[in-house]
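Novice: Residue numbers (the numbering used here), protein chains in the order written: chain A, 5 to 415; chain B, -3 to 508; chain C, 10 to 369; chain D, 9 to 389.
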Amino acid sequence: MTALVERVRTLPGWARSALIATGLVLALSITVTLTGQTQLASSGTSQAAVGLGLPILFAALGGLWSERAGIINIGLEGMMVLGTWGAAWAGYYGGPWAAMLGGLVFGGLGGLVHAVATITFHVNHIVSGVAVTLLGTGLTKYLATLVFAPLSQNPRQSPRIDGFTEFSVPGISEGLAAVEAQQRVFVSDLAGLLSGLVTGLTPIVVLGIVLVPVSYWALWRTAFGLRLRSTGESPVAAESLGVHVVAHRYVAVVTSGGLAGLGGAALVLNSAQLGYLENQVGGRGYIGLAAMIFGNWRPAGLLTGSALFGYVDGLQLRAGGEAVHALLYTATLVAVAGAVLWAIRRMWTAAAVALGAGVLVYTVYWTIESVPSEFASYAPQLVTLIVLAAASQRLRPPAWLGEPYRRGEGS
Amino acid sequence: MSAEAVELRGITKRFPGVVANDGVDLAVHTGEVHALCGENGAGKSTLMKILYGMQAPDEGTIAVGGAEMHFRTPADAIAAGIGMVHQHFMLADNLTIAENVLLGAEKQHGIGRAARARISELAGTVGLAAADGSGARSAGAPLDMLVEHLGVADRQRIEILKVLYRGARTVILDEPTAVLVPQEVEELFATVRAMRGEGYTFLFISHKLDEVRAIADRITVLRRGRTVGTVDPREVGNAELAEMMVGSELPSPESRDSSVTDREVLRVEGLGLPDPAGGRDLLDGLDLVVHAGEVLGIAGVEGNGQTELVETVMGMRRHARGRVLLSGVDVSGLSTMARRERGIGYVPEDRSRHALLGDQPLWANRVLGFQSRPPIGRHGLIDRGAARTDTERIVADFDVRTPGIDVMASALSGGNQQKLVVGRELSGDPVLLIAAHPTRGVDVGAQAGIWAELRRARRAGLAVLLVSADLDELIGLSDRLAVILGGRLVGTADPATVTPEELGTAMTGATR
Amino acid sequence: MTAVARLRGAVVAPLLAIGVAGLLCAVALLVSGASPWTAVTTVLSQLGSGTVAVDTVNSAAVYYLAALAVAVGFQMRLFNIGVEGQFRVAACVAAIVGGTVVLPPVLHTLLIIVVAVLTGAAWIAIPALLKAYRGVSEVISTIMLNAIATGMIAFLIRPETFGELRGNNITTPPIPESGWFPGVPVGSGTIFGMVFVAAALGVGYWFLLGRTRFGFELRASGESTTAASAGGVNARRTIVVALLLSGAIAGLIGLPELLGRDHAYTLSSPQGYGFTGIAIALLGRNHPVGIALGALLWAFLDKSAVALDVVGIPREIVLIMQGLIVLSVVVAYELVRRMEQRAEQRRVAAGTPEPVGAAS
Amino acid sequence: MRIDQRIGRRGRLVTAIAVMAVTALALAGCARDTGGGGTAQGECERVPPPSVPAESAQPEPEKPKADASALKVGLAYDIGGRGDASFNDAAAAGLDRAVAELGLQKANTREATAQPGESEDAGTTRLRQLAEQGFDPVIAVGFNYATGVDTVAKEFPQTQFAIVDDDTVDLPNVTPLVFAEEQGSFLVGAAAALTTGTCAIGFVGGVDSPLIQKFEAGYEQGATAVAPDIRINADYISPAGDFSGFNDATRGTEIAAGQYDSGADISFAAAGQSNQGVFAAAQAAGTRAIGVDSDQYNSPQLTDVRDVIMTSMIKRVDVAVYDYVNAVAGNTVDALPERFDLRNDGVGYSTSGGFVDDIRPQLEAYKAAIMAGEIQVSSTP
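1. For Tyr244 (chain D), return the contacting residues in chain A, with the cut-off set at a CB-CB distance below 9 Å.
2. Name the residue from D:Ser275, D:Ser217 and D:Thr121 whose alpha carbon lies nearest to the alpha carbon of Phe164 (chain C).
3. So, helix, strand or coil for Ser146 (chain C), using DSSP?
4. Taking 9 Å as the cut-off, decide whether the C-beta atoms of Val261 (chain B) and Val427 (chain B) are in contact.
5. Answer with buried or exposed for Thr109 (chain C), where buried requires no fewer than 16 other C-beta atoms within 10 angstroms of its C-beta.
6. If I measure Cβ to Cβ from Val258 (chain A) and keep anything under 7 Å in the same chain, skipping five residues before and after, which residues do I get?
7. For Asn496 (chain A) versus Ala93 (chain D), is the C-beta spacing smaller than 9 Å?
8. Return the bridge partner residues of Tyr342 (chain B) from the DSSP annotation.
9. Distance, Cα to Cα, Val212 (chain C) vs Val298 (chain C)?
10. If you drop the 5 nearest sequence neighbours on each side, which residues of the same chain put their C-beta closer than 7 Å to that of His252 (chain A)?
11. Is it buried or exposed, Ser134 (chain B), if we count other Cβ atoms within 10 angstroms and call 16 or more buried?
12. If the cut-off is 8 Å on Cβ atoms, which residues from the region 50 to 84 of chain A count as contacting chain B, listed in chain order?
13. Just checking my contact of Gly268 (chain A) with Leu44 (chain A) at CB under 8 Å: how many whole Å lie between their CB atoms?
14. By Cβ distance below 8 Å, which residues in the same chain neighbour Thr257 (chain B) in space, the five residues on each side in sequence not counted?
15. 9 Å is my cut-off, CB to CB: does Ala323 (chain A) come that close to chain D?
16. Assuming Ala62 (chain C) contacts Leu53 (chain C) (C-beta within less than 8 Å), just tell me the rounded distance between them.
17. Nearest chain A C-beta to Leu87 (chain B) closer than 9 Å, yes or no?
18. Leaving out the 5 sequence neighbours to the left and right, which residues in its chain are closer than 6 Å to Ala242 (chain D) when beta-carbon positions are compared?
19. For the region 101 to 127 of chain D, enumerate the residues whose C-beta is nearer than 8 Å to any C-beta of chain A, in chain order.
20. Would Gly150 (chain D) and Ser387 (chain D) qualify as a contact pair, given that the criterion is a beta-carbon distance under 9 Å?
21. Ala101 (chain B) and Arg162 (chain B): beta carbons closer than 9 Å?
22. Identify the contact partners of Ala304 (chain A) in chain B, using a Cβ-Cβ distance below 8 Å as the criterion.
23. Name the chain C residues whose beta carbon is nearer than 9 Å to that of Thr257 (chain B)?
24. With a threshold of 9 Å between beta-carbons, can Leu99 (chain B) be considered close to chain A, or not?
25. Just curious, the alpha helix (DSSP H) that Ala54 (chain C) is in, first and last residue?
26. Give me the Cα-Cα distance between Trp221 (chain A) and Ala407 (chain B), rounded to the nearest whole angstrom.
27. Exposed or buried, which one is Pro53 (chain B) when buried takes at least 16 other CB atoms within 10 Å?
28. Strictly below 7 Å CB to CB, what residues from chain A border Thr388 (chain D)?
29. I'd like the list of long-range same chain contacts for Gly107 (chain C), defined as Cβ closer than 6 Å, with 5 residues on each side in sequence excluded.
30. Any residues in the region 221 to 242 of chain C with a beta carbon nearer than 8 Å to a beta carbon of chain B? Which ones, in chain order?
31. May I ask you to verify whether the region 207 to 219 of chain A touches the region 49 to 60 of chain A, counting CB pairs closer than 8 Å and requiring at least 3?
32. Taking only beta-carbon atoms, is Ala403 (chain A) less than 9 Å away from chain B?
33. In this structure, does DSSP put Gly361 (chain D) in helix, strand or coil?
34. Note the first and the last residue of the continuous alpha helix (DSSP H) segment covering Tyr330 (chain D).
35. Going by DSSP, name the residue or residues bridged to Cys33 (chain B).
36. Are any of the Cβ atoms in chain D nearer than 9 Å to that of Glu266 (chain C)?
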């Protein structure tokens, strides 16, 4: 067993991730079986997770692009807000594809403001981000009053725009639904969780998912991406090698804004409402940033972060406090499993901490009947906070993140 | 005569308040190793930045292979076949070797297989594969290693590799030996000579005359931003060269009568420090004693635990093992501030990062480290008046050249900043001074002043723990030398008798 | 000499920025077909009408506290985005305690204030400890805790826990008069007593930063953590204390309105002061006087904006104005700082007898 | 490098073992009995409606129209303002009707809107400005104005004030305009219980506040009055104090979808702008939903989804505002009802779309029973 664990440690990343994912699904599956909370692994929950996680995913991707170039982007929120307006405005006149473009462009404009402030004027990144959010929110409200009020008789809402038609992957979608319906331990749960990825899709969902590997490819497998990342790791070195640091950072931050704007468009194009609604972003930009940090500034990681956030949010919305309560049970299982693994590896401190956490969570699970809705509503934030606290020391931000850089200042 | 590889004529560069280069001329023949000598601050680095396109000259022309060039960015210089290896390595730790090499030169061979093949090929030229003993390793593997795992010498080779990959025929090496141990310097020189044989041209910047004489075909000397002259090293002696550089004799640390007492001020027992990253211990079983009136010099190649030793004694590192006793009292559990309050003065190695608040006025910098004790700190409050008065005193006594004590610390030159720091750390009657590289990056005048102050303090009974990479400084100032290697003290030496060569051997562990 | 120059920089930059912001807003108004002149006169005329002047002062005090809370963190480059959550939880808990206990007048008020301060500090203790011991970015953790604070308040204010129904609203038990903080009647309005507490806190902030060891260590850490730690500053302790202090001040934000007017925390109690505080701290460059001016300007814009609706100008223009002011102010500060730095270097070089070599 | 080399054969072996172990476990996975979730309960037992003598359930007679041409009416909206397709809009409609029918001059009306998160003094200032400029009466929409009305009404004792959704201000010149939301909700609850095919229904509240809980309370009582065994799934988008729930259609969709997935086939949406999300979820699931405040079937914003809007619980803020203006003009404020309820047409249900035509007799019977006081509807769940 020890040897096996040791060998598992040396597995390549994808295999380890797959094992961990399998373990998590197993833990969920056991929880479903023992607590009867089928929503934990239902196709509905996974579709909700996709819908709720998508805007966060876009924001997180935006954060990735900007922060990989060394610019902290806490203005994602404001850029998303700008994106919602742009998407609704363009979408009203030109349909869903135009809406996506509109979100992209308006978010990109927000990114441009941030870029000018941080890259050209060397304003502190967080300060500029806060200012961009303020400005973006104000400008959006003003524009909405000006432009949407005559169309919808409501300054806080755009007229309804046309959305995309949903589609499902033929064959797979139905197949998964059939497996899920059989209610078999693990298999059905896995089918339920996967079906969200193949059912009720729209082009913008596909775009969001596709942008994850595309971002990886662009940032890690192209010359441009190498240059862009180098400006976030060591702009002095990059400049000494003839990399135009300022230009690459501009591209990165404007792209970042554009992606955040697409996140806004994803909100606008959500079949729930199809249009601009004041305050509809509601902090998702910040959550996206958290998801990106959660994901260790890596595309696959931020996808996980966004998915986790969407999942927990979807779960608490669909099934309420009882389901979140059941999730505590899953957390206990995971903590105990972690404790066992660490104990095998003779990492006693980690094992003890995991075991203690497991006992604590189980005590909470055992004491209360259901998580009060007041807290269940914020379960995603709570989960993010806990995971960050547990994993923060393994995170590796870009070396030059947030540091000011002036051309020709190197050495 | 064939066209020069590089020819600079009448280069002038002014910074606010300073003329860095004043009509500098420099001609480098193709296929030679041309050394550029000068003291710190003579304008060498500025000249090279201009040649490399990082800064534009205010006046003057640059010609490469006979054709006049205008470099606006390093890319222009690279295109003209000029490459530069900076003194401070321009490597991104979090990128792989291949990525560091490819960065900025992706157009040459893409970033795929062809590029990697070319890198592997050039790795041999710069001696990279042989140096880390991994010559037999498959070509793909080490290129994907993160640079942060590499040692100094390998990093330098990657820097040269970067330059070659870009097709440079003329390579600027900016103080390449500053961070190398003597054996590594030899290896570097061997590589340079081999490459000269292949037709590469080198511009070698240094102020270490012995090294320059060992490698250079011709030497150009700069002083205060002006060209003093170009000479053949076989025809001029060290003394002449030194005089060209500083205009007079080098300020050499002379020996003097001992003031060492037998009163122990600092005793370090079994000091150990684990690596937070999980590697080998940074410090291991380190014992040393410094007496009142004694200077203990720590010699060693940079990165062998000097920084860690100093910071552990100062209480800035957590999880340290062993004991630190100050005048017989165990201070191991005390905070940095408590240790300072008990009479430790500290001149850190990197003054802009560790000693000064650049955006604060001089008087506020006087407060730093003394905020808790009289005359400046009282009952948790700061006595601004006392701080100002004492800053005036330091400015006067230590010859800090500044128009006033309200200017920002960052506006002062390096030497004046360091004089302020030394003056501050010597105030409040310390019993122990820990000085790390106290004259690094300061001008000659300031260097002499700082040395004089250290000697004066030593005479007054101060114990000094001196860490320096400058062997002349170490030998000249120390009463005793200890050699640090890999986080352990591996030997001691008497500065009166030891030679730099012997010391160098001990520092690399070659005799062990 | 330098003091004068620095003061000039500190005044010129924000004035310039406000001018630019105003100009851009005028353009926006013209584009939308409204008259900037009407907007300006409407806004300015508000100062004399009703209780707008008093409300502005009251509101400015609230903003001032919020900005001070943010500025304490800013001094150390800590971004307490969570002032919002801290102040709301603190106000809610303080209101519950204040409405529950029975105490003689002054004591009662003091107790409420202490409870608010402690609650604010307690709410930030989590991110503070996470930052100091686990290295978790306080930006992210405080944002998460803002959301959780909303849940916490909703839980506390439930009629089943501590709240009570009043019409269609839920409130905490009303604080009896013994717990109120008496104000100063001015015209038809009343200046909250807490306004003077806020002002006193501003003086305390100035004293703390400029005259105390802790203030020095805070600023030193903000400028250079490495130099501070070599100078004997305990980074972890300073982080924790700075954030706790920030949270404690944040705890006071809700009190001017709670003790001076509302006397209970309700579902409709105001939100968003924390974010306003960030903007004003930026505007005032973390300086106690600058923040005060920024808070007054912000409050005045807020209060007089109510009247814009009445003359048919979209009041959202004020939001744009505020956003533009912040953005242009931070840019202007940066530009002025750079100019000053260059001027000083020149001056030092000119004042030094012998020019020393190049920056190598 | 090292890792790559080590994976080699042994690594793959480990992977294979792990994958096989998991697969084996999965294949062994037995079917489980999951009870309730996802299964329909089928038809429920329904209780016949009470019958009430017609004369005891007479609606109040229509008031005579007074002349309001001399009035200057100020209207202070809650967050959302005119055009929110909700109660602000309804208040605006009442004002418009007064302009159209009572001779009120459009120029003599003034409207102002609250901002999210604003301090109470902003509301107070808004009311004071209206009063100062001679508007009389001043109508405040929303309970958030309670303190403001209390303050300003004392400052302007000669001015008439009205406040919608609040009855905590006890001053001679302040008229509360409050509603018996629970009564209207009772009727749509009954309608849902009469129509459901799965004997399970849902309720989606925007924010978990007392006002919205009134809707939930009435709805549940109405449903259980018809079908005592009915399963009711009540959820809120955001907890009290977090007003995002009225503006988050995306999350509204997910809540409603969750209810539909767990067997409900009708959901009552009392969630402001988030209602759109509930309707969208109903459309996607092929089920129905119930609107709120106004007749949402006819809302121009909702044309695309109106086929799922079975009925709406109507809260006639417009009637209250209109009646109030009329009463001020005719100096009969004291005669206004204490509460706008079924009797005076203050609340009700809509029939647009014809979805409830077949159950109308039952609904009318319940309505009569409530009006007669035979059924008491509680306002808390």
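Each residue gets a CB set at the ideal place from its N, CA and C atoms; glycine is no exception.
Specialist: According to the structure shown:
1. Ser377 and Ser381
2. D:Ser217
3. coil
4. yes
5. exposed
6. Gly112, Gly115, Leu116 and Ala119
7. This structure leaves residue 496 (chain A) out entirely; chain A is present only between 5 and 415.
8. B:Ile430
9. 9 Å
10. Ala73, Arg231, Leu232 and Thr235
11. For Ser134 (chain B), the pLDDT reaches just 39, beneath the cut-off of 50, and the residue's location in the model is therefore unreliable, although a value from the coordinates is still provided. Ser134 (chain B) comes out exposed.
12. none
13. Contact flag wrong, Cβ pair sits at about 30 Å.
14. His287, Ala288, Gly289, Glu290 and Gly457
15. yes
16. With a Cβ gap of about 12 Å, Ala62 (chain C) and Leu53 (chain C) do not count as contacting.
17. yes
18. Phe211 and Glu224
19. Pro124
20. no
21. yes
22. What Ala304 (chain A) touches in chain B: nothing, since even the nearest Cβ is about 17 Å away.
23. Correct list: empty, because the minimum Cβ distance to chain C is about 27 Å.
24. yes
25. Correcting the residue type first, residue 54 (chain C) is Ser in the shown sequence and not Ala. Run containing Ser54 (chain C): Pro45 to Ser54, per the alpha helix (DSSP H) assignment.
26. 45 Å
27. buried
28. Near Thr388 (chain D) there are no residues of chain A at all, since even the closest Cβ is about 16 Å away, more than 7 Å.
29. Ile121, Ile184 and Gly188
30. Thr221, Arg222, Phe223, Gly224, Phe225, Glu226, Arg228, Ala229, Glu232, Ser233, Thr235, Ala236, Ala237, Ser238, Ala239, Gly240, Gly241 and Val242
31. yes
32. yes
33. coil
34. Val325 to Ala337
35. B:Ser202 and B:Val217
36. yes
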